[in-house]
Amino acid sequence: LYLKHQYGVGYTLTLVKRAPNASLAADIVYRHIPSAMCVSEVGTEISFKLPLASSSSFESMFREIESCMRRSVPNSILDDEKDSIGIESYGISVTTLEEVFLRVAGCDYDASECFEQKESVHLPGSVISQASLDPAATPKKHLHSDKHFGSYKKILGVISTIVGRACGLIFATILSFINFLTVQCCSCCIISRSTFWQHCKALFIKKAICARRDRKTIVFQLLIPALLICAVFLLLGLILLKLKPHPDQQSVTFTTSNFNPLLSGGGGGGPIPFNLSLPIAKEVADYIKGGWIQSVKPIVYKFPDSERALADAIEAAGPNLGPVLLSMSEYLMSSFNESYQSRYGAIVMDDQNDDGSLGYTVLHNSSCQHAAPTFINLMNSAILRLAAYNKNMTIQTRNHPLPMTVSQHLQRHDLDAFSVAIIVSISFSFIPASFAVSIVKEREVKAKHQQLISGVSVLSYWVSTYVWDFISFLFPFSIAIILFNIFGLEQFIGSGCFFPTIIMFMEYGLAVASSTYCLSFFFCDHTMAQNVVLLVNFFSGLVLMAISFIMGLLKSTASANSFLKNFFRLSPGFCFADGLASLALLRQGMKDKSSDAFDWNVTGASICYLGSESISFFLLTLVLEFWPSYKVTLFSVKEWWKSFRHDNSSFSEPLLKSSSQADTLDVDEDRDVKTERNRVLSGSIDNAIIYLRNLRKVYPGGKRQGSKVAVDSLTFSVQEGECFGFLGTNGAGKTTTLSMLSGEESPTDGTAFIFGKSIISNPKAARKHIGFCPQFDALLEFLTVQEHLELYARIKGVPDYRMHDVVMEKLLEFDLLKHANKPSFCLSGGNKRKLSVAIAMIGDPPIVILDEPSTGMDPIAKRFMWEVISRISTRRGKTAVILTTHSMNEAQALCTRIGIMVGGRLRCIGSPQHLKTRFGNHLELEIKPIEVSYADMENLCRVIQERLFDIPSHPRSLLGDLEVCIGGNDSIRSEASVAEISLSREMIIIIGRWLGNEERVKTLVSSKPISDGVFSEQLSEQLIRDGGIPLPIFSEWWLLKEKFSAIESFVFSSFPDAIFQVCNGLSIKYQLPYGEGLSLADVFGHLEGNRNQIGIAEYSISQSTLETIFNHFAANP
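Under my numbering, the residue at position 635 of the sequence shown is numbered 635, and the numbers go up by one with no gaps.
Pasting the structure below:
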């Protein structure tokens, strides 16, 4: 109470007049309280601020107001005169602590804000470059980079700058072309300068700014495709081939040192299985170089009948050599895993011939291309050394392949081009992932819905997105074509192949963009959408192409491949990859001897499918955009069919259920709600710009859970200049109602009309009048504050020559001037809400829907926002505001009418004062007593001190305890010793008896501390802890209890039905019944008449708050 009296603005008196032009109400207030100040007058309500010091005049003022409410007017008086003196109801509330805070903190705030705005520099027309260089607009994670990646970030920054400037140049050219086309069309009277072009221009600017500042988009669309293509060129050696053509193969010298080479020092070789059973074999083995001899002993092998052919071959080798060859072969096969080094050949010698010549047989490993000639040369060299008795002699054998033919060169280049086609299809699968990110993110944060409700048509949104994505696709497409030219890939850019390649690339960009739009409807998280779209395009582009390619090579699956290709080609990624692969292998004759690049089996099918998919997928996107309304319609039919089957009703009865539903509502519907319903359904709403008729929303449930009724037969209207507030708990249906009005949700039943346009049959015409602020900030993270306002100003049709003035007006109006160049992700929560409300109100829409606009704001910013909303709605009188909030103070400050929703139903409706008068059945009284004076406390201490040392009257034991406690009888008599007296439990009981109220001290001497709001609990704890209480503290507590007891006796004697609420030691609160023979005049009269006698320092009286009424309805659904 002290803070309220010291810094408060006083009482708020609200009068509800019977007619808006009633003048008597203000005359009564000013006559009794000249210092009263009128703070608002909207419709039939007028509010005044009354100083706290003027409470002595309240009784007479309230008496006169109540007499006006009871006054009966003769029938001869005209209705206008009757209304001019009529007051329907009134109420009063007191300053809140929030207003005290604003009063204390507001001075410095206002001064600083004014100074900042005066010193603010003029905003430039374009803030794109400033926002990107503003340190405050850079997130901390960008400011603190790892030193190990410093060079990488510098390179990436340079690339981003170059690409950004190129994007800006191309975008400026395209925008100029669009403006030129629009002007020419207008001048030739072909088309009018419609909002379609204006919206496309606004969305193009939005896309350009976001693409320029989004490094992830640059990486996905430009860097990854270019780097992957360059990487494959490096891996395939195409760069070296471009500088120096591929040479023919070099000659090869046959030597065993190429087998099992050593890590260092040269040499090599390995084991050489050798049959040493003949004497000549041992002599030759001594001259063998390039390996070591592995002796093999012959064994006898018996052939089974199944291997007679092999036995015949062995017999043909001769009776001596044949069995030995068989033994060596058996040895090599049986000891295959016993040697840790590879064996590439084995030798079996025959006996020396009669002419002195030697015969031998070489068994070689056929997996080694040069094994046979190498081991033949090995044996010939050994025989030469034996014959010449010279171990240094050798025979050198070389193999020089023939030069490569033209066909072989082409085949090699075609295989390299095929590898390039695979990498291009992989790298280009990243591009649609970047398309999906921006689309899903806008829908995720509800920025897309914000643009649609601001006036953007579905067609202009998707057309502008489609065109922009295709333009952005031209960058990686151009990079790929340039690289093809640099490295001379004639398979793609050669004669007869260039145009198919260009057409296929461009159609792929259109088709993959439109197919990505269709996929985007299945995602609510942009990260998930990015990953899934990337995997889908990778699988359809590479995996399906590889499967189809392999199946086409096999004769057994070729016909199945031809059939499956008709389904594979439904994926743009497969068409693109298959077309590139077909071009790469065109010269190899693998496509049924097709000679033309445009043939159906080469690129013709891919081009036709991509062209048709570009159109069909885009049309499917537009169909999916309207699918939610069809889905609701199907659900309604399903519900109708279930109702017909279970209830055995006629076909017409379920269809008429919505129209007659008002008759089947609960009988406990509030009379104000019923009156509002009847007024709307009867058509008595001439001035209403919004009205709802039995609006209903039902969410279907699963097998275990029934359907959820979110909004149940909501019916009310909103007038021009009215601020209608929705109050309700979480899940009451507030946001669902606003979503249906804004077009985000479709109603299950009923309808609503905005300026006479139905939200069901004509949603675009209905929502073009709406400015919408969603519950969560629908902001684009890469746009600055000013760019947001410019975007929505263009969408709402603000011409370019007024753009700067309109945007500047909102920046100043919402105190966002100093944040104009900051991207939205750098703003605080409160400033984001300011920007969201500013977006809703830009262009001065006649209807503004605000879903919890002040969430996350501090009290000063919140009041600032309230002032702006109030000025736009009630003071200008041209804008209707529908507001949802959890703040009762916000509803009280802004709303001219309030509806409280519980469980999807409207439980009450009316002005704040009407709800307080009707449902607020009590007053809240807070009284602060006069403080205990030092003189009174000193007198009581002296009385207690004298009584304590009245020796004849008290037992010796008590006196002894006292003397021990204070140090003797002599010191008791001095005044300084009063503070040293500590009262024990027994002393406090006796003192309470002396002072005439022994029951009062029992709260102190109780073994368990008892809280009574007057520090009894703290003193009891001190008594238990220290064993005593100082006499001055006890005296102050006693006097304070006396004052509170006097106030309590006065309140209960004056207001028998009063209810004690709380006492905090400084003030005491009561709840008084109101409306049952007790008026505000009676209460103020009693308090003012007995104020001095009872010892009341300060008091305040207020009606029930909206929070109390809201809690009552929420607790009783």
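Note that the Cβ used here is the ideal one computed from N, Cα and C, for glycine as well.
Since the model is a prediction, treat every value here as computed from it, not as a measurement.
Exercise. Going straight from the alpha carbon of Met857 to that of Met888, what length do you get?
Worked result: Numbered from 1 along the sequence shown, position 857 holds the residue referred to as residue 857. Numbered from 1 along the sequence shown, position 888 holds the residue referred to as residue 888. One C-alpha to the other measures close to 15 Å.
For this session: Could you check what DSSP says for Tyr461 in three-state terms: helix, strand or coil?
Result: Indexing the sequence shown from 1 puts residue 461 at position 461. Tyr461: helix per DSSP, three-state reduction.
Exercise. Which residues share a DSSP beta bridge with Trp292?
Worked result: Position 292 of the sequence shown, counted from the start, is the residue given in the question as residue 292. According to DSSP, Trp292 bridges with Pro271.
Exercise. Taking the C-alpha atoms as reference points, what is the distance between Pro323 and Arg343?
Worked result: The count along the sequence shown starts at 1 and reaches residue 323 at position 323. The count along the sequence shown starts at 1 and reaches residue 343 at position 343. Within the model, the alpha-carbon separation for Pro323 versus Arg343 is close to 21 Å.
For this session: Quickly, what does DSSP pair Asn399 with across the bridge? List them, please.
Result: Sequence index remark: in the sequence shown, residue 399 carries index 399 (1-based). For Asn399, DSSP records a beta bridge to Val252.
Exercise. Comparing the C-beta of Ser1035 with each C-beta of chain D, is any distance below 8 Å?
Worked result: Absence of chain D from the displayed structure is noted, only one protein chain being present.
Problem set entry | Rounded C-alpha distance that separates Arg973 from Phe1050 | Position 973 of the sequence shown, counted from the first residue, corresponds to residue 973. Position 1050 of the sequence shown, counted from the first residue, corresponds to residue 1050. Any reading at Arg973 needs caution, since the residue's pLDDT is 46, under 50, leaving its predicted position unreliable; the model's value is listed next. Approximately 39 Å between the Cα atoms of the pair.
Exercise. Among Ile689, Ala688, Ser707, which one has its Cα closest to the Cα of Lys697?
Worked result: Position 697 of the sequence shown, counting from 1, holds the residue named residue 697. Of the listed residues, the one whose Cα sits closest to Lys697 is Ser707.
Exercise. Is there contact between the stretch 617-628 and the stretch 451-470, where contact requires at least three CB pairs shorter than 8 Å?
Worked result: The answer is yes - the stretch 451-470 touches the stretch 617-628, with three or more Cβ pairs under 8 Å.
Problem set entry | Residues of its chain near Asn258, where Cβ-Cβ distance is below 6 Å and the 5 sequence neighbours each way are ignored | Translated into the one-based positions of the sequence shown, residue 258 becomes position 258. So the list is empty, once near-sequence residues are dropped.
Problem set entry | Helix, strand or coil at Ile65 according to DSSP, with G and I counted as helix | For the purposes of this step, residue 65 is identified with residue 65 of the sequence shown, where counting begins at 1. Note: Ile65 maps to helix in three-state DSSP.
Problem set entry | alpha helix (DSSP H) runs wholly inside the stretch 997-1084, at least 4 long, in chain order | The qualifying runs are 1002-1005, 1016-1026, 1031-1054.
Exercise. By the 10 Å Cβ neighbour count, where 16 or more other Cβ atoms means buried, how is Asp578 classified, buried or exposed?
Worked result: Taking the sequence shown and counting its residues from 1, one reaches residue 578 at position 578. It counts as buried.
Exercise. What residues in its chain sit with their C-beta under 8 Å from that of His199, if we drop five residues either side in the sequence?
Worked result: Taking the sequence shown and counting its residues from 1, one reaches residue 199 at position 199. Gly455, Val456, Ser457, Ser460, Tyr461, Ser464, Arg794, Ile795.
For this session: Kindly indicate which three-state DSSP category Arg569 falls into: helix, strand or coil?
Result: Within the sequence shown, the letter at position 569 stands for residue 569. For Arg569, the secondary structure class from DSSP, reduced to helix, strand or coil, is coil.
Problem set entry | Own chain, CB closer than 8 Å to Trp682, minus 5 neighbours either side, in chain order | The residue you call residue 682 lines up with position 682 of the sequence shown. The sequence as given places Ser at residue 682; Trp does not occur at that position. Sequence-distant Cβ neighbours of Ser682 in its own chain, meaning closer than 8 Å and more than five residues away, do not exist here.
Exercise. Whole-angstrom Cβ separation of Phe220 and Phe505, contact assumed at under 8 Å?
Worked result: As a first step, residue 220 must be located in the sequence shown, where it is residue number 220. As a first step, residue 505 must be located in the sequence shown, where it is residue number 505. The C-beta distance from Phe220 to Phe505 rounds to 17 Å, too long to fall under 8 Å, and the pair is not in contact.
Exercise. When DSSP labels each residue in this structure, what does Ser47 get in the three-state scheme?
Worked result: Reading the sequence shown from its first residue, position 47 is the one you call residue 47. Note: Ser47 maps to strand in three-state DSSP.
Exercise. Does the beta-carbon of Met333 have 16 or more other beta-carbons within 10 angstroms, so that it is buried, or is it exposed?
Worked result: Translated into positions along the sequence shown, residue 333 becomes position 333. Classification of Met333: exposed, given that the 10 Å Cβ count is below 16.
Problem set entry | Burial state of Lys555, where buried means 16 or more other Cβ atoms lie within 10 Å | Taking the first residue of the sequence shown as position 1, residue 555 is located at position 555. With fewer than 16 other Cβ atoms within 10 Å, it is exposed.
Exercise. What residue range is occupied by the uninterrupted alpha helix (DSSP H) comprising Ala688?
Worked result: Taking the sequence shown and counting its residues from 1, the one referred to as residue 688 is at position 688. Careful: Ala688 lies outside any alpha helix (DSSP H), inside the beta strand (DSSP E) at 688-699.
For this session: Tell me, to the nearest whole angstrom, how far the beta carbon of Ile839 is from that of Tyr792; I am working on the premise that it is less than 8 Å.
Result: As a working mapping, residue 839 is identified with position 839 in the sequence shown. As a working mapping, residue 792 is identified with position 792 in the sequence shown. Indeed they touch by this definition, with Cβ atoms about 5 Å apart.
Exercise. Of the choices Leu203, Asn1090, Leu326, Pro51, whose alpha-carbon is the least far from that of Ala447?
Worked result: Here the question's residue 447 lines up with position 447 in the sequence shown. Residue Leu203 is the option with its Cα nearest to Ala447.
Problem set entry | Whole alpha helix (DSSP H) elements within the stretch 522-573, 4-residue minimum | For the stretch 522-573, whole alpha helix (DSSP H) runs of length 4 or above, ordered along the chain, are 526-538, 544-553, 558-568.
For this session: Please classify Ala1097: does DSSP put it in a helix, a strand, or coil?
Result: By 1-based counting over the sequence shown, the position of residue 1097 is 1097. The three-state secondary structure of Ala1097, taken from DSSP, is strand.
For this session: May I ask you to report which of helix, strand or coil DSSP gives Arg897?
Result: Residue numbering aside, residue 897 sits at position 897 when the sequence shown is read from its first letter. DSSP, reduced to helix, strand and coil, places Arg897 within a strand of the structure shown.
Exercise. Under the three-state reduction of DSSP, which class applies to Gly750: helix, strand or coil?
Worked result: On the sequence shown, position 750 is the one that residue 750 refers to. Correct three-state label for Gly750: strand.
Exercise. Is the beta carbon of Ala511 sitting closer than 8 Å to the one on Leu610?
Worked result: On the sequence shown, residue 511 is found 511 positions in, with the first residue counted as 1. On the sequence shown, residue 610 is found 610 positions in, with the first residue counted as 1. Taking 8 Å as the Cβ cut-off, Ala511 and Leu610 qualify as a contacting pair.
Exercise. Between Glu330 and Trp292, what straight-line distance do the alpha-carbon atoms span, to the nearest angstrom?
Worked result: Stepping through the sequence shown from its first residue, residue 330 is reached at position 330. Stepping through the sequence shown from its first residue, residue 292 is reached at position 292. So the two alpha carbons sit approximately 20 Å from each other.
Problem set entry | Own chain residues within Cβ distance below 6 Å of Glu720, not counting five before or after | Against the sequence shown, residue 720 aligns to sequence position 720. Answer for Glu720: Ile689, Ala880, listed in chain order.
Exercise. Of the residues Ser357, Phe254, Phe233, which one's Cα is nearest the Cα of Val424?
Worked result: Taking the first residue of the sequence shown as 1, we reach residue 424 at position 424. That would be Phe233, whose Cα lies nearest to the Cα of Val424.
Exercise. DSSP on Gly756, reduced to helix/strand/coil?
Worked result: As a position in the sequence shown, residue 756 is number 756, starting the count at 1. Gly756 carries a coil assignment under DSSP once its states are collapsed to helix, strand and coil.
Problem set entry | Beta-carbon contacts of Arg398 that lie in its chain and below 8 Å, excluding the five residues immediately before and after | Here residue 398 is taken as the residue at index 398 of the sequence shown, counted from 1. The residues are Ser251, Val252, Thr253, Phe254.
Problem set entry | Nearest candidate by alpha-carbon position, reference Thr1161, set Glu852, Val806, Gly830, Arg833 | The displayed coordinates of the chain run from 1 to 1117. Any statement about residue 1161 would go beyond what the structure contains.
Exercise. In whole angstroms, what is the alpha-carbon distance linking Ser427 and Leu827?
Worked result: Working through the sequence shown from its first residue, we reach residue 427 at position 427. Working through the sequence shown from its first residue, we reach residue 827 at position 827. When only Cα atoms are considered, Ser427 and Leu827 end up about 36 Å apart.
Exercise. Just reading off the alpha helix (DSSP H) that Glu926 is part of, what are its end residues?
Worked result: The residue labelled residue 926 in the question sits at position 926 within the sequence shown. Looking at the DSSP string, Glu926 is not in any alpha helix (DSSP H); the run it does join, the beta strand (DSSP E), is 922-929.
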